[in-house]
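These notes are about the structure you will find just below.
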Amino acid sequence: ISNVGNGPQQWKANETIENFVRMELEEIRNQGYLEMDYEIKYCGYNLLSLLMTGKKEGSGGDEDILKAFNFDVRTGEVVPLGKLLGNDGKLWSKIAEITSKQGGKVTAATLKDYYFDGMNFVFIQNNEEKQRLEVITVPKNELMEFFKKNKIEKQN
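Here my numbering runs 56 ahead of the position in the sequence shown, where the first position is 1.
Right, dumping it as structure tokens:
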């Protein structure tokens with residue numbers, strides 16, 4: 057990835073992605089196949105969100121890959137959701153309220169990953185009942201009271 061800062065920031069972000077890919081390769085250990093691709097979902101003032109997708113077949117069977125990375129462009133560090141929106145009970149209550157209307161209540165315990173696409177927060181969570189990952193989208197404006205306090209992205 058070349059969209060994350062210069063020098064050390066870029067190396068740090070690329071190292072994070074490389075470690076993830078190596079881990080996926082290690083899991084199949086030449087016993088299957090691995091297909092992966094990535095898409096930059098958002099590249100803003102200080103935040104870059106990307107989504108890795110793919111499939112792998114290894115000793116554990118077939119598995120879909122769905123992994124989001126959110127990088128602070130200034131540092132190359134991964135940005136946890138709490139750094140963008142905070143991590144208090146009000147935030148999680150609001151997210152649970154909004155997502156339960158979509159049929160997939162997102163909580164801190166079920167959240168696996170997230171990315172930001174400029175207009176929406178996209179939450180990836182484990183659905184134990186259906187035994188699969190599900191993707192639930194929440195418009196940024198519904199979480200604006202929390203987003204205004206973030207320390208990463210410049211507001212419009």
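All residues carry an ideal CB built from backbone N, CA and C; glycine is no exception. These numbers come from a predicted model, not from an experiment.
Opposing strand residues paired with residue i [DSSP bridges]
i	result
LYS126	It should be pointed out that residue 126 corresponds to Asn in this sequence rather than to Lys. Looking at the DSSP assignment, ASN126 forms a beta bridge with SER105.
THR193	VAL178
MET96	Per the sequence presented here, residue 96 reads as Ile, with Met not at that position. Answer is LEU106.
ASN183	ARG188
ASP120	LYS111
ASP169	ILE180
Through-space distance from residue j to residue i, alpha-carbon basis
i	j	result
ASN86	ARG188	25 Å
GLU113	LEU90	7 Å
LYS97	VAL194	15 Å
LEU103	ASN75	20 Å
LYS196	GLY63	31 Å
VAL191	PHE179	6 Å
LEU106	GLU153	26 Å
LEU140	GLU80	28 Å
SER57	PHE177	Position check: residue 57 holds Ile in this sequence, whereas Ser was assumed. Spanning the two alpha carbons is a distance of roughly 22 Å.
TRP67	ILE121	23 Å
ALA165	GLN65	30 Å
LYS111	ASP118	7 Å
GLY160	THR72	29 Å
GLU95	MET108	7 Å
Where residue i falls, given that 16 or more other Cβ within 10 Å makes a residue buried
i	result
GLY174	exposed
LYS157	exposed
LYS123	buried
GLY145	exposed
GLY138	exposed
GLY132	buried
TYR101	exposed
ASN126	buried
ASP128	buried
C-beta contact flag for residue i and residue j at 8 Å
i	j	result
ALA69	VAL77	no
LEU167	PHE202	no
VAL134	ILE151	no
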